[in-house]
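Heads up, the thing below is written out as structure tokens.
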Amino acid sequence: MKMSSPRIMQQKRSSKSSNSSRVSMTTSTAEENLIESKLFSWMRLFRFASLLCRAE
Numbered sequence: 877m878k879m880s881s882p883r884i885m886q887q888k889r890s891s892k893s894s895n896s897s898r899v900s901m902t903t904s905t906a907e908e909n910l911i912e913s914k915l916f917s918w919m920r921l922f923r924f925a926s927l928l929c930r931a932e
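Under the working numbering, think of the first position of the sequence shown as 877, with each following residue one higher.
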């Protein structure tokens with residue numbers, strides 16, 4: 877049990893940090909970067925939508 881628990885934590889941590897640019901980080905900062913990346917993608921979507929509206 878003691879040997880398997882840190883391995884599971886590493887898998888969860890790597891799956892979260894894979895969405896962000898940096899890999900070796902703590903879970904809290906990885907979640908923050910994930911939220912920031914989501915916000916950034918939403919901002920790009922809104923900009924793209926506004927550009928489409930202006931083109932029409």
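A virtual CB, placed ideally from N, CA and C, is assigned to each residue, including glycine.
Asked, Found
"Cβ-based neighbour list, Lys914, same chain, cut-off 6 Å, excluding 5 preceding and 5 following", "none"
"Inter-residue Cα distance where the pair is Met919 and Ala931", "18 Å"
"Phe922 versus Asn909 - alpha carbon distance", "20 Å"
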